[in-house]
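Undergrad:
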Amino acid sequence: MSDPRPSDGERKLLLCLLAFYRDIGPGATPALKGLDEEAGLERWELSEAVAALRAKGLIEYWELQPAVRLTPGGLRVALRLQGERNA
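The sequence shown maps to residues 2 to 88 in the working numbering.
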């Protein structure tokens, strides 16, 4: 990712979505309802993180549910962030 480092909210959301990806699989598409608590974000932080990550192409967004899912690029960034956190 050539953009500046993700914000704290974006980082938390990416790592949360990575956990869903690992538990459920590549099709993991968690609903936004309750995702703020799951990621450790305030509701407004979740909205900002979703908008920013969507604009960067790191997540897909479904308005009907509403729900989100990591894109392949988002998965790469989330894995890198987790590696940095564990280092």
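Even glycine gets a Cβ: it sits at the ideal position worked out from N, Cα and C.
Measuring straight from C-alpha to C-alpha, what distance separates W63 and K57?
TA: C-alpha separation (whole angstroms): 16 Å.
Undergrad: Rank A20, K13, P27 and I60 by C-alpha distance to the C-alpha of R44 and give the top, closest one.
TA: The shortest C-alpha separation from R44 is found at K13.
Undergrad: Quick one: grab the DSSP three-state call for A32.
TA: A32 falls in the strand class under three-state DSSP.
Undergrad: In terms of residues, what are the limits of the beta strand (DSSP E) holding L15?
TA: That residue, L15, is in no beta strand (DSSP E); its alpha helix (DSSP H) goes D9 to I25.
Undergrad: Taking contact to mean at least 3 C-beta pairs separated by less than 8 Å, is the region 44 to 55 in contact with the region 22 to 29?
TA: Result no; under three Cβ-Cβ pairs closer than 8 Å.
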